[in-house]
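K.L.:
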Amino acid sequence: MTSLGLYLTKKSVNRAMVSRRTGISQARLSQLTSNESTKLRADELYLIALAIDISPGEMFEEIFKDLKLEND
1 MTSLGLYLTK
11 KSVNRAMVSR
21 RTGISQARLS
31 QLTSNESTKL
41 RADELYLIAL
51 AIDISPGEMF
61 EEIFKDLKLE
71 ND
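Counting in UniProt numbering, the sequence shown runs from 1 upward without gaps.
(1) When DSSP labels each residue in this structure, what does residue 37 get in the three-state scheme?
(2) Between the C-alpha atoms of residue 20 and residue 71, what's the straight-line distance to the nearest angstrom?
(3) Within the continuous alpha helix (DSSP H) that includes residue 1, where are the two ends?
(4) Is residue 69 near residue 33, with beta carbons less than 9 Å apart?
(5) Give the range of the alpha helix (DSSP H) segment to which residue 58 is assigned.
(6) Rounded to whole angstroms, what's the CA-CA distance from residue 60 to residue 39? Just pull it up for me.
(7) Can you list, in chain order, the residues of its chain whose CB lies under 7 Å from that of residue 55, leaving out five sequence neighbours each side?
See the structure below:
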């Protein structure tokens with residue numbers, strides 16, 4: 001499961017509702033939540049955050065909290 005998938009599960013989000021509210025297909029949401037190689041686009045993150053009444057910035061920070069800069 002991806003970071004987005006874990007986040008949506010933790011928040012008990014109904015993915016069918018997200019699909020209806022955002023226009024993102026259920027198939028695409030399934031890819032985004034289960035396939036690590038699928039890249040989440042900024043517009044998708046923004047729409048999903050709006051659909052579940054979460055600040056896009058808060059969602060972004062939670063989903064990508066494990067990213068770190070490489071050592072110089």
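Ideal Cβ positions, reconstructed from N, Cα and C, are used throughout, including at glycine.
P.N.:
In terms of the structure at hand:
(1) Coil at residue 37, not helix or strand.
(2) Whole-angstrom Cα-Cα distance: 42 Å.
(3) Residue 1 -> no alpha helix (DSSP H), and no H or E assigned at all.
(4) It is not a contact, given that the beta carbons lie outside the stated cut-off.
(5) Per DSSP, the continuous alpha helix (DSSP H) segment holding residue 58 begins and ends at 56-63.
(6) Just so you know, the alpha carbons of residue 60 and residue 39 end up roughly 13 Å apart.
(7) Excluding residues within five positions, the ones whose Cβ falls inside 7 Å are 49.
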